[in-house]
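*Asks:*
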Amino acid sequence: MGSLEYLLSALTPLNLLLALAGVVAGTVIGALPGLTATMAVAVLVPFTFAMEPASALIALGAIYTGAIYGGAYAAILLNTPGTPSSIATTFDGYPMARAGSGDLALTLACLSSVIGGLVGAGFLLVLAPPMATVALKFGPVEYFWLAVFGLTLIASLGEGSTVKGLIGGCLGLLLAMVGVAEVGGDVRFVGDSKALLGGIDIVSALIGLYCIPVLIELVATPVAHLDATNRVASFRLREATSILRRGKFNLARSSVLGTLVGILPGAGGSIASLVAYSEAKRASPRRDNFGKGEPDGILATESANNATVGGGFIPTLVLGIPGTPPDAIILGALLVQGIRTGPTLFTQQAPIVYTFIWGLILATVIMLPVGLLIGRFAFRSIVAIPKAVLVPGVALLTVLGSFAVHNNLHEVQQMVLLGLMAWVLGRFGFSASPIVLGLILGSIAERGFVQGHLIGGAKGSVWGEFFGRPISLGIIVFILLGLLWPWWAARRARGTGGANA
Amino acid sequence: MALGAAAIWAARDFSDLGGVFPRAVGALLIVLGALYIGLTLAGRTRRVAEIGGANLRRAAAALTLLAWAFTLEPLGFLASSAGAMAALMVIANHERWTLRRAVVYVASSALVLIGLYSLFKIALQVPLP
């Protein structure tokens, strides 16, 4: 399995240097709003073509894990997610920064990312082939129910108004239907615009929905966006480790959730962090603090999104099916290296695979000191930059980021228009998160529903297809628990309050 | 509610499979919209807090971003970005303009613009307009 010789292979000076360089490069790129982890991997992958396969994989894994973590900087310090995976980190990270605890938030993000990354890599090391087999059992219907489960989280993301959250989610679902339908080929909601035939690009939409409203609000007031008096940032490690100890179950649950979501092809860090956040809020005795600067929120999101790194490699390496978008890029790099993915990869090319996995674990550990140092530098820099320089710079990154996805100017225009829409909706109390969730999950839900309907029809029992599969039934139970639990918990709390009166 | 009705109306031209979701989401929007209106009339919704700040600056920033997105092609990336960044710099600055401040801000933004342009256009071969 992962014997000492593979660990020693990963510990060569070259591999350690690649891990360090990859983590630093990935973290810096991921920290820039508008640039995603996928871009970080795509941009740096050509440098790996001349490397040995194991070294190339270590470099790419390090870039990926650094980029996912790096997204937390902009999320915490600027209230704009650096990568889609750090959307949920803005919920509590920025309020903590506004309250003067930005340095603590950054330290928590770093520690949680390392722990989540190690859990994901651990699953990859120990359980890759059997877990990939389970992932294969997920058919269209399972994906449909998983998307429905994700959509039920909208209720908990509505920031005080469930109805507004659900309206926002439906808006996101409508946006997801723009363009050519995947099944059936209908051209929907495009009017006379050829630019919309390709649909709404999710990355551009995410950048616009989160970054544009923040930029508009930044220019409106003369008050600095963060308190500049606390310029001497410290690591606050003792405080952070105390919070981690208190939130150990949250960390464990979120890391496992992130790994499991990462295993499912097409899911990704954004869904993993939102799911983990929602579950952490549901289970927490301090759930009323979530969204106002609750450290447990950061623990949940950052551990989950970094756990998807290891989780996403499981279907990528075992089945040749990319677990997350960056994995698709890495899969291409593997093909260039002449590595055939599949179950036999773990037996016939064990030295390459296990050296890589140990390298990923080492890169994740290296991320701890690197992340803390870069975080301190980022904190001091962002606080010191005047708004008149910060706003144009961030705006430039959003334009570049949305253009560079597909080299398409229309996506820049979509980004700005959706961002302005989000700002207007925000004035009426509609937050961007339900819209984003609807947009991401809408296509997954519809594709799963339509394909499940077709398969069930061919088998002669549509109801049996949707309600007769064991994994689907398990997910339905979770959906019902998720919907009924808040009502039951509130009823129990009222009953306890009445008894104590 | 209007959006939901529009979605259902548009879906009448779709195939059966292509129209299921638009009709379902449209119906849901109508129900949720009616529910929200009912809750508001019953006084059971929370009023959104007023926010301070200069609406003129917000509007100017919004218009600048829109103009930026739609002038990238006719003016080219560098020209449109330089203009938009200059405009945003003026809109975002609430302090008194001095020569030193102007020089520092313009130089910093120019450095960022040229640096990122070089990185994307030259190093990464992204075909910026």
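Protein chains in written order, with the working numbering: chain Y, 2 to 502; chain X, 591 to 719. Built from N, CA and C at the ideal position, the CB exists for glycine as well.
1) What are the uninterrupted segments assigned as alpha helix (DSSP H) that are 4 or more residues long and contained completely in the segment 303 to 358 of chain Y, given in chain order?
2) How is GLY628(X) classed by DSSP in three states: helix, strand or coil?
3) Check this for me: beta carbons of GLY678(X) and THR661(X), under 8 Å apart or not?
4) Between which two residues does the alpha helix (DSSP H) harbouring ASN16(Y) extend?
5) Kindly indicate which three-state DSSP category ARG691(X) falls into: helix, strand or coil?
6) Please state the DSSP three-state secondary structure of SER699(X).
7) Mind checking if VAL142(Y) is an interface residue toward chain X, Cβ cutoff 8 Å exclusive?
8) Report yes if the CB atom of GLY62(Y) is closer than 8 Å to the CB atom of ALA41(Y), and no otherwise.
9) Do we get a CB-CB distance below 8 Å when we pair ILE681(X) with the residues of chain Y?
10) Does the separation of the CB atoms of LEU401(Y) and ILE203(Y) fall below 8 Å?
11) Would you be able to state if there are at least three C-beta pairs under 8 Å between the segment 160 to 178 of chain Y and the segment 429 to 448 of chain Y?
12) Is the beta carbon of SER403(Y) closer than 8 Å to that of VAL413(Y)?
13) Closer than 7 Å between beta carbons: that is the criterion. Which residues of the segment 649 to 668 of chain X meet it against chain Y?
14) Within 10 Å of its beta-carbon, does ASN306(Y) have 16 or more other beta-carbons around it, so buried, or fewer, so exposed?
15) Hey, could you find the ends of the alpha helix (DSSP H) GLN414(Y) is sitting in?
16) Considering only DSSP beta bridges, list what ARG189(Y) is partnered with.
17) Would DSSP call LEU709(X) helix, strand or coil?
18) Under 7 Å Cβ-Cβ, which residues of chain X neighbour LEU216(Y)?
19) DSSP state of VAL1(Y), grouped into three classes?
20) How about THR84(Y) and ALA68(Y): are their beta carbons less than 8 Å apart?
21) Excluding the 5 residues preceding and the 5 following LEU109(Y) in the sequence, name in chain order all residues of the same chain whose CB lies nearer than 6 Å to its CB.
22) Run through DSSP, which three-state label would THR66(Y) get?
23) Which same chain residues end up closer than 8 Å to ALA502(Y) when comparing Cβ atoms and leaving out the 5 residues on each side of it in sequence?
24) Suppose the cutoff is 6 Å on Cβ atoms and the five residues either side in sequence are ignored; what does the same chain contact list for PHE450(Y) look like?
25) Going along chain X in order, which residues have a C-beta closer than 7 Å to the C-beta of ILE213(Y)?
26) For ALA500(Y), which residues in the same chain have their Cβ closer than 6 Å to its Cβ, ignoring the five residues on either side in sequence?
*Replies:* In this structure, then:
1) 326 to 337 and 346 to 349
2) Looking at GLY628(X) - three-state DSSP - the assignment turns out to be helix.
3) Looking at the sequence provided, one finds Leu at residue 678(X) rather than Gly. Not in contact: LEU678(X) and THR661(X) (Cβ atoms no closer than 8 Å).
4) 14 to 32
5) helix
6) SER699(X): helix per DSSP, three-state reduction.
7) No, its Cβ sits nowhere closer than 8 Å to a Cβ of chain X.
8) no
9) yes
10) Against a cut-off of 8 Å, the Cβ pair of ILE203(Y) and LEU401(Y) comes out as no contact.
11) yes
12) yes
13) ALA651, ALA652, LEU655, LEU656, TRP658, ALA659, PHE660, LEU662 and GLU663
14) buried
15) 410 to 428
16) GLY180(Y)
17) helix
18) ALA651
19) No information on residue 1(Y) is available, as it lies outside the stretch 2 to 502 that chain Y covers here.
20) yes
21) Here the set comprises ALA241, PRO296 and ILE299.
22) helix
23) Note that ALA502(Y) scores 43 on pLDDT, short of 50, meaning its location in the model is unreliable and no value can be drawn from it.
24) PHE145
25) LEU655
26) The predicted position of ALA500(Y) is uncertain, since its pLDDT is 47 and thus under 50; a value taken from the coordinates is nonetheless stated next. So the list is empty, once near-sequence residues are dropped.
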